[in-house]
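Below is one structure, written out as structure tokens, with a few remarks after it.
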Amino acid sequence: MLNNKSILITGGTGSFGKKFTETILDRYPDVKRLVIYSRGEMKQFRMAQKFSKDRYPCMRYFIGNVRDQERLKRACEGIDVIIHAAAIKQVPVAEYNPMEAIKTNVIGAENVINAAMDCGVNKVVALSTDKAAAPINLYGATKLCSDKLFIAANNMKGNRDLTFNVVRYGNVMGSRGSVMPFFINKREEGKLPITDKRMTRFNISLQDGVDLVMYAIKNSWGGELFVPKIPSYKITDLAEAIGPNCDHPEVGIRPGEKIHEEMITASDSFNTVDLGKYYAILPQQPIWNKKEYMAHFNAEYVEPGFTYNSGENEEWETVESLRHKIKKYVDSSFSVNGQNS
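Going from the sequence shown to the numbering used here is simple: count from 1 and add 468.
The structure is reproduced here in structure tokens:
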């Protein structure tokens, strides 16, 4: 699927970008070019120690920001597939710096779309978040706007051989800014602060996130928003799995936080289909025939009013399953960094 293709990852030095790179190099040894596009020179330097051009001749590292349209276009020359992972992701940061979040998450998305159209790219997959469903914080609102831009871009591409798609998923276990490494670092203090003990979150591994993007690259027809079927966890169970002997004080919900996260709203249900392992929210005005799409994927529409909510999920992590996954994360961090993180 990706052999002899040139791929660019915006925000490529993040947790997703590194895992995606590792997966591509493992599964597609004949990939033509793999371009890491990001603004942090130190992060690129560190990533290049593991994925060096000497060892992997396909690797390229471009310093650049998705806000910079000209630089982005230059980086996209000769690219076949763009994975758009760059974003301002921290809820409190976006609340305190709203214009910066808009410039990166919304204007940056527009720049990616224009670069793809101008440079002959064939496929764009943009990463979204559960916070974009019925958003109550600016981060979620900017990502919902970004999602709408990428989906609508399919109707503006003209006769180009190009599709735009979005993937949406919940908290990535162990990623930068997630609660799990925060709890791991805090447990030595004997206290794991919890904002609200009723809170639940969706849970997905980095590899499952990568596999969802791979699915979108291979199977998308253009304009779908793919959602994985993943388990939820209770924040109290996560705290128990990490620090059973710690105090778990309730400190109050932060600005922009929800008690439960949602990936498919009731309003989305009328355009949502079940693909088996994934759901897909279909565009209201697709560029293809819906009946043919449904037959091709043997898909079925969900019930009207269906919602996919972390608090009402049918699949749940237990304290033991969380503990097992946490151990794998810690062991992996130890092998990579030479120390327990």
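Beta carbons are placed, not taken as given, at the ideal position from N, Cα and C, and that holds for glycine.
query: Which residues share a DSSP beta bridge with M527?
result: Here residue 527 refers to the residue found at position 59 when the sequence shown is read from its first residue. Looking at the DSSP assignment, M527 forms a beta bridge with L502.
task: Using beta-carbon positions only, say whether N579 and L612 come within less than 8 Å of one another.
output: Locating residue 579 in the sequence shown gives position 111, where the first residue counts as 1. Locating residue 612 in the sequence shown gives position 144, where the first residue counts as 1. No, these two residues do not count as a Cβ contact at 8 Å.
task: Put N808 into one of helix, strand or coil per three-state DSSP.
output: Sequence index remark: in the sequence shown, residue 808 carries index 340 (1-based). Because the pLDDT of N808 is 37, which lies under 50, any placement of that residue in the model is unreliable, and the question is left without a value.
task: On a CA-only basis, which of I475, G479, A601 and R523 is nearest G588? Give me that one, please.
output: On the sequence shown, position 120 is the one that residue 588 refers to. Measuring from the Cα of G588, the nearest candidate turns out to be I475.
query: Should V695 and N633 be called a contact, given that it needs their Cβ atoms to be closer than 8 Å?
result: Sequence index remark: in the sequence shown, residue 695 carries index 227 (1-based). Sequence index remark: in the sequence shown, residue 633 carries index 165 (1-based). Cβ distance not < 8 Å, so V695 and N633 don't count as in contact.
Under 8 Å between C-beta atoms of S596 and M641: Numbered from its first residue, the sequence shown carries residue 596 at position 128. Numbered from its first residue, the sequence shown carries residue 641 at position 173. Against a cut-off of 8 Å, the Cβ pair of M641 and S596 comes out as no contact.
- prompt: Can you tell me the Cα-Cα spacing of R495 and P717, whole angstroms?
  reply: For this step, residue 495 is matched to residue 27 along the sequence shown. For this step, residue 717 is matched to residue 249 along the sequence shown. Approximately 45 Å between the Cα atoms of the pair.
- prompt: Going straight from the alpha carbon of I477 to that of S700, what length do you get?
  reply: The residue you call residue 477 lines up with position 9 of the sequence shown. The residue you call residue 700 lines up with position 232 of the sequence shown. About 28 Å.
message: At the level of alpha carbons, what is the spacing between D598 and H728?
response: If you number the sequence shown from 1, residue 598 lands on position 130. If you number the sequence shown from 1, residue 728 lands on position 260. So the alpha carbons of these two residues sit roughly 10 Å apart.
C-alpha gap between R722 and D742, whole angstroms: Residue mapping note: residue 722 aligns to position 254 of the sequence shown, counting from 1. Residue mapping note: residue 742 aligns to position 274 of the sequence shown, counting from 1. In this model, R722 and D742 are separated by some 34 Å (Cα to Cα).
task: Decide if R669 is buried, meaning its Cβ has at least 16 other Cβ atoms within 10 Å, or exposed.
output: Numbered from 1 along the sequence shown, position 201 holds the residue referred to as residue 669. Taking every protein chain shown into account, the CB of R669 has 16 or more other CB atoms within 10 angstroms, so this residue is buried.
task: Determine, using beta-carbon pairs with one atom in the segment 549 to 561 and one in the segment 511 to 528, whether at least three such pairs fall under 8 Å.
output: Contact between the segment 549 to 561 and the segment 511 to 528 is absent, because fewer than three Cβ pairs lie under 8 Å.
- request: Since I believe M682 is in contact with Y797 (beta carbons under 8 Å), could you give me their beta-carbon distance rounded to a whole number of angstroms?
  value: Position 329 of the sequence shown, counted from the first residue, corresponds to residue 797. Position 214 of the sequence shown, counted from the first residue, corresponds to residue 682. Taking 8 Å as the upper bound for CB-CB distance, Y797 and M682 are not in contact here, some 21 Å apart.
query: Roughly how many angstroms separate the alpha carbons of L790 and S778, rounded to a whole number?
result: By one-based count along the sequence shown, residue 790 stands at place 322. By one-based count along the sequence shown, residue 778 stands at place 310. Going by C-alpha positions, L790 is about 16 Å away from S778.
Check: E771 C-beta below 7 Å from any heavy atom of the ligand GTP: Among the components of this structure there are no ligands whatsoever, and the ligand GTP is therefore not found.
- prompt: Does the beta-carbon of N471 have 16 or more other beta-carbons within 10 angstroms, so that it is buried, or is it exposed?
  reply: For the purposes of this step, residue 471 is identified with residue 3 of the sequence shown, where counting begins at 1. By the Cβ neighbour-count rule, N471 is exposed, with fewer than 16 other Cβ atoms within 10 Å of its own.
task: Leaving aside the five residues before and after N805 along the sequence, list all residues of the same chain whose C-beta is less than 7 Å from its C-beta, in chain order.
output: Here residue 805 is taken as the residue at index 337 of the sequence shown, counted from 1. Model confidence at N805 stands at a pLDDT of 45, short of 50, so the residue's coordinates are unreliable and nothing is read from them.
field: Minimum C-alpha distance to G482 - residue among S646, G658 and E783
entry: Looking up residue 482 in the sequence shown gives position 14. Distances from the CA of G482 to each of S646, G658 and E783 were compared; the closest alpha carbon is that of S646.
task: Report the rounded CA-to-CA distance for G479 versus K486, giving the unit in angstroms.
output: Reading the sequence shown from its first residue, position 11 is the one you call residue 479. Reading the sequence shown from its first residue, position 18 is the one you call residue 486. Approximately 10 Å between the Cα atoms of the pair.
message: Tell me which residue opens and which closes the beta strand (DSSP E) that E538 is part of.
response: If you number the sequence shown from 1, residue 538 lands on position 70. Looking at the DSSP string, E538 is not in any beta strand (DSSP E); the run it does join, the alpha helix (DSSP H), is Q537 to A543.
query: Going straight from the alpha carbon of F738 to that of K702, what length do you get?
result: Working through the sequence shown from its first residue, we reach residue 738 at position 270. Working through the sequence shown from its first residue, we reach residue 702 at position 234. Rounded to whole angstroms, F738 to K702 spans 29 Å at the Cα level.
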